[in-house]
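*Asks:* Handing you this structure, nothing more for now.
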Amino acid sequence: MTGPHLAQLMAVFLGSGLLLLLHFASPAQASSIKDVGAAYIAELNVLFFFGGWDERTPIVGSAGYINLTAPFSVDSPPITSIPSVPVLTSRLVPLVVKNAIGDSFDIIVSGGVTAPIPFQAGVYVPGTTAWTYSVIKDGGTEQQPRIRVTVNGGRNSEGLPFGPAVQYGATTADGVFGNAHAFGGRVFPAPFFNQLKAIDRFGAYSTVSFNNNSAPAPRVDAQLVRVNSTHLIVAGGDGNSTKFNDIWLFNIPQTTWTRYPHTFIQPHAFGGFVAYTAPSGNRYVILIGRESPFIEYFNLSANGPPQAADTTGQGPSSLEQPAAVMIGDQLVIVGGVTKAGDPDQRFFRVLKVKESDGSKLTFE
């Protein structure tokens, strides 16, 4: 896609203040990285990413950001590198903290999985350090803000079990704790957990007590998303001999669970999970998964059943453990491992989401 077609697309997306969406693969840009921690700072319109799991390495500590204000090709996104995560870690949980003065933010990254010291091949341990990335807007223009990023010394953290579902959060300097969460996981050879952990602005973890007996079964590699200021949703995951397709809502102020009246079409684990509020006011929950159908979604406002997504354009047939962030009406996907032979091996992907008739979504 070149020449006038590219110019027309750039003009369309420039007006939206977000980014250019192109539907073609570039094997030269291949990525086998999953379990990336991603965090979006709306005030800067910048998406940050941290660490991950490379099928070849396997744990990586690279970090960077992408300015989403100016249009660009997703085949060659303008990634700006920032200091690497000091300890190689995958599946980090980021929490964005807006500081009280100016365009200044802290991103606390914690949890995840790291390698033991000294290194032992095939042995991995829960990460027990919380790192603070200080982010300051330091001039530049609205289209190209100049951002200064430093990483500060780590603090000891309780850590998380292996394979929890995680949800990045955002809070303010005086915000209450618990704006990022993690659910479930396991510590080998112990059984699976169904604990919900809240992560505060200092990278400290606490276990949330439930006020009712009904709760999701213990599981690993589920999906977790915050849909508004009061509710989280947990869905899917794997158990000892069970693959889950159930959906649960957690009321944060009341600390109670409610099972959603429908289930996903297929069990899903290792997926990305986002919430989207359409111009109509309908609130949707979208799952990007490893199993078919690749994308499922449901209308939470109407208690609707999950349905397979209608997608256009070229893209992967599945993704294992991508990071997903909803920015406006665009679903931004970072990392994720595709099936063998899939021609779409990009690290960065975007889908524009549209509500077609008040109850259905299309993805292009």
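In terms of mature numbering (1 follows the signal peptide of the UniProt record, and there is no 0), the sequence shown is residues -30 to -1, 1 to 334.
All C-beta atoms in this analysis are idealised placements derived from N, C-alpha and C, irrespective of residue type, glycine included.
Please classify Ala(-6): is it buried, with 16 or more other beta-carbons within 10 angstroms of its beta-carbon, or exposed?
*Replies:* Residue -6 sits at position 25 when you count from the first residue of the sequence shown. With a pLDDT of 31 at Ala(-6), under the threshold of 50, the modelled position of that residue is not reliable, and no figure is offered here.
*Asks:* I'd like to know if the stretch 86 to 98 and the stretch 31 to 40 are in contact, where contact means that at least 3 CB-CB pairs between them fall below 8 Å.
*Replies:* No contact exists between the stretch 86 to 98 and the stretch 31 to 40.
*Asks:* Tell me Asn269's beta-bridge partners as DSSP assigns them.
*Replies:* Translated into positions along the sequence shown, residue 269 becomes position 299. Answer by DSSP bridge pairing, in chain order: Tyr254.
*Asks:* For the candidate residues Ala245, Ile217, Gly241 and Trp227, whose alpha-carbon lies nearest to that of Thr233?
*Replies:* On the sequence shown, position 263 is the one that residue 233 refers to. The shortest C-alpha separation from Thr233 is found at Ile217.
*Asks:* Taking buried to mean at least 16 other C-beta atoms within 10 Å of its own C-beta, is Thr308 buried or exposed?
*Replies:* Sequence index remark: in the sequence shown, residue 308 carries index 338 (1-based). By the 10 Å Cβ count, Thr308 comes out buried.
*Asks:* Arg125 by DSSP, collapsed to three states: which one?
*Replies:* Position 155 of the sequence shown, counted from the start, is the residue given in the question as residue 125. Strand, per DSSP.
*Asks:* Using beta-carbon positions only, say whether Ile265 and Thr281 come within less than 8 Å of one another.
*Replies:* Position 295 of the sequence shown holds residue 265. Position 311 of the sequence shown holds residue 281. Against a cut-off of 8 Å, the Cβ pair of Thr281 and Ile265 comes out as a contact.
*Asks:* How far does the beta strand (DSSP E) with Pro64 in it extend, from its first residue to its last?
*Replies:* Taking the first residue of the sequence shown as 1, we reach residue 64 at position 94. Where Pro64 is concerned, the enclosing beta strand (DSSP E) stretches over Val63 to Lys68.
*Asks:* Is Val67 closer than 8 Å to Arg75 when the C-beta atoms are compared?
*Replies:* By one-based count along the sequence shown, residue 75 stands at place 105. By one-based count along the sequence shown, residue 67 stands at place 97. It should be noted that the sequence gives Phe, not Arg, for residue 75. Yes.
*Asks:* Measure from the alpha carbon of Leu17 to the alpha carbon of each residue in Pro313, Ile297, Leu321 and Arg316, then state which is nearest.
*Replies:* Position 47 of the sequence shown, counted from the first residue, corresponds to residue 17. For the residues Pro313, Ile297, Leu321 and Arg316, the minimum Cα distance to Leu17 belongs to Ile297.
*Asks:* I think Arg61 touches Gly82, with their Cβ atoms under 8 Å apart; what is that distance to the nearest whole Å?
*Replies:* If you number the sequence shown from 1, residue 61 lands on position 91. If you number the sequence shown from 1, residue 82 lands on position 112. Confirmed, about 5 Å.
*Asks:* State the start and end residues of the unbroken beta strand (DSSP E) segment that holds Lys167.
*Replies:* Counting from one through the sequence shown, the residue named residue 167 turns up at place 197. That run of the beta strand (DSSP E) goes Phe162 to Ile169.
*Asks:* What residue from Pro115, Gly274 and Phe158 has the CA that sits closest to Asn210's CA?
*Replies:* The sequence position of residue 210 within the sequence shown is 240, counting from 1. Of Pro115, Gly274 and Phe158, the residue nearest in Cα terms is Phe158.
*Asks:* Mapping DSSP to helix, strand and coil, what is Gln193?
*Replies:* On the sequence shown, residue 193 is found 223 positions in, with the first residue counted as 1. Residue state, collapsed to three classes: strand.
*Asks:* Where Val244 and Val195 are concerned, what is the direct C-alpha to C-alpha distance, given to the nearest angstrom?
*Replies:* Here residue 244 corresponds to residue number 274 of the sequence shown, with the count starting at 1. Here residue 195 corresponds to residue number 225 of the sequence shown, with the count starting at 1. Going by the C-alpha atoms only, they are around 6 Å apart.
*Asks:* Is Arg260 helix, strand or coil by DSSP?
*Replies:* As a first step, residue 260 must be located in the sequence shown, where it is residue number 290. Correct three-state label for Arg260: coil.
*Asks:* Mapping DSSP to helix, strand and coil, what is Gln(-23)?
*Replies:* If you number the sequence shown from 1, residue -23 lands on position 8. Because the pLDDT at Gln(-23) is just 27, under 50, the model does not fix this residue reliably, and the point stays unresolved.
*Asks:* Under 8 Å between the Cβ atoms of Asp191 and Phe240?
*Replies:* Your numbering for residue 191 matches position 221 in the sequence shown. Your numbering for residue 240 matches position 270 in the sequence shown. It is a contact, given that the beta carbons lie within the stated cut-off.
*Asks:* Hey, could you find the ends of the beta strand (DSSP E) Asn149 is sitting in?
*Replies:* Within the sequence shown, residue 149 is the residue found at index 179, counting from 1. Looking at the DSSP string, Asn149 is not in any beta strand (DSSP E), and its letter there is neither H nor E.
*Asks:* Once you ignore the five residues that flank Gln(-2) on each side, which residues in its own chain have a CB closer than 8 Å to its CB?
*Replies:* Taking the sequence shown and counting its residues from 1, one reaches residue -2 at position 29. For Gln(-2), the predicted structure reports a pLDDT of 39, less than 50, and the residue's modelled location is therefore unreliable. The matter cannot be settled from this model.
*Asks:* Just how far apart, CA to CA, sit Val197 and Ala187?
*Replies:* Residue numbering aside, residue 197 sits at position 227 when the sequence shown is read from its first letter. Residue numbering aside, residue 187 sits at position 217 when the sequence shown is read from its first letter. Approximately 21 Å between the Cα atoms of the pair.
*Asks:* For Phe(-18) and Gly7, what's the separation of their Cα atoms in angstroms?
*Replies:* Walking along the sequence shown from the start, residue -18 turns up at place 13. Walking along the sequence shown from the start, residue 7 turns up at place 37. Because Phe(-18) sits at a pLDDT of 29, beneath the cut-off of 50, its placement in the model cannot be relied upon, and the following sentence gives the value as read from the coordinates. If you take the alpha carbons of Phe(-18) and Gly7, they lie about 26 Å apart.
*Asks:* Nearest by alpha-carbon distance to His151: which of His201, Phe162 and Arg116 is it?
*Replies:* In the sequence shown, residue 151 corresponds to position 181, counting from 1. Nearest option by C-alpha distance: His201.
*Asks:* Could you check where the beta strand (DSSP E) with Asn221 kicks off and where it finishes?
*Replies:* Position 251 of the sequence shown holds residue 221. Unbroken beta strand (DSSP E) run through Asn221: Lys213 to Asn221.
*Asks:* Looking at the strands, I want to know which residues DSSP matches up with Thr27.
*Replies:* Counted from its first residue, the sequence shown places residue 27 at position 57. According to DSSP, Thr27 bridges with nothing at all.
*Asks:* Where does the unbroken beta strand (DSSP E) through Thr50 begin, and where does it stop?
*Replies:* One-based indexing of the sequence shown puts residue 50 at position 80. Run containing Thr50: Ile49 to Ile52, per the beta strand (DSSP E) assignment.
*Asks:* Just the C-alpha distance for Leu(-9) and Val79, rounded to the nearest angstrom, thanks.
*Replies:* As a first step, residue -9 must be located in the sequence shown, where it is residue number 22. As a first step, residue 79 must be located in the sequence shown, where it is residue number 109. At Leu(-9) the pLDDT is 30, less than 50, meaning the model places this residue with poor confidence; the figure from the coordinates comes in the next sentence. Leu(-9) and Val79: Cα-Cα distance of roughly 31 Å.
*Asks:* For Ala279, I'd like the list of residues in its chain whose CB is within less than 8 Å of its CB, leaving aside the five on either flank, ordered along the chain.
*Replies:* Stepping through the sequence shown from its first residue, residue 279 is reached at position 309. Excluding sequence neighbours, Ala279 sits near Ile256, Pro263, Phe264, Ile265, Glu266, Tyr267, Leu331, Thr332 and Phe333.
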